[in-house]
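With our numbering applied, the sequence shown covers 3 to 134. Just so it is clear, CB atoms sit at the ideal spot from N, CA and C, and this is done for glycine as well. Owing to the predicted nature of the structure, the values given are computational and were not obtained by experimental measurement. Below is one structure, written out as structure tokens; the observations come after it.
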Amino acid sequence: MIAIGAIIPILGCAAEESSASANTPSQSISNSTDSSSTAGNEKSVAETGDTSNGQKQFVGLGCSACHSLGSDTIVGPGLSNIGIKGDQYILESIVDPKAILVPDFQDLMPESFGSVNESDLNDLVSYLKTLK
Ligand code: HEC
Numbered sequence: 003m004i005a006i007g008a009i010i011p012i013l014g015c016a017a018e019e020s021s022a023s024a025n026t027p028s029q030s031i032s033n034s035t036d037s038s039s040t041a042g043n044e045k046s047v048a049e050t051g052d053t054s055n056g057q058k059q060f061v062g063l064g065c066s067a068c069h070s071l072g073s074d075t076i077v078g079p080g081l082s083n084i085g086i087k088g089d090q091y092i093l094e095s096i097v098d099p100k101a102i103l104v105p106d107f108q109d110l111m112p113e114s115f116g117s118v119n120e121s122d123l124n125d126l127v128s129y130l131k132t133l134k
């Protein structure tokens, strides 16, 4: 008799580890305390932000040293159209800049902006959303 042995299950890539995600972009600025009735709105960020404070933050935090508001590159890309990318992208780019690297740029953006307070961050995102 012929024994049919050795049916070896091939387990593909089960042990693949992604070392790239050591930092989960867990910053959430959605738990805002204001309960004003902007009803039925899923967007947690940047709907209620104060864009003029956001603009001040942009300058005050030093963003403008690296980013123009037009299409010119300073150190980072010009932000003329950043608003079309949406809240989440903008927020993540700020609080976890390494998570999304813009092609052709180095990761020179400081990672310290995650510690900016929620309210200012929200205003900043709001402001950037107007750039489109
Ligand atoms: C030291 C220079 C530097 C500073 C300061 C800086 N950035 Fe950046 N930023 C960069 C670089 C370089 C990139 C492109 C690489 C990357 O994606 O991280 C970038 C990327 C971005 C992007 C994504 C742009 C795109 O086209 O997708 C956003 C949004 C952004 N920065 C916002 C900010 C904001 C807001 C601040 C201030 C809170 C700031 N940056 C401060 C250098 C900087």
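Counting the other Cβ atoms within 10 Å of the Cβ of P112 gives fewer than 16, which makes it exposed.
The C-beta separation of I92 from K58 comes to about 17 angstroms, leaving the pair out of contact by the 8 angstroms criterion. Straight-line measurement puts the Cα of P105 at about 22 angstroms from the Cα of G64. Residues A67, C68, H69 and S70 of the same chain have their beta carbon placed closer than 8 angstroms to that of I76, with the five preceding and five following residues left out of the count.
Nearest in C-alpha terms to V97, of all of D122, K134 and N55, is D122.
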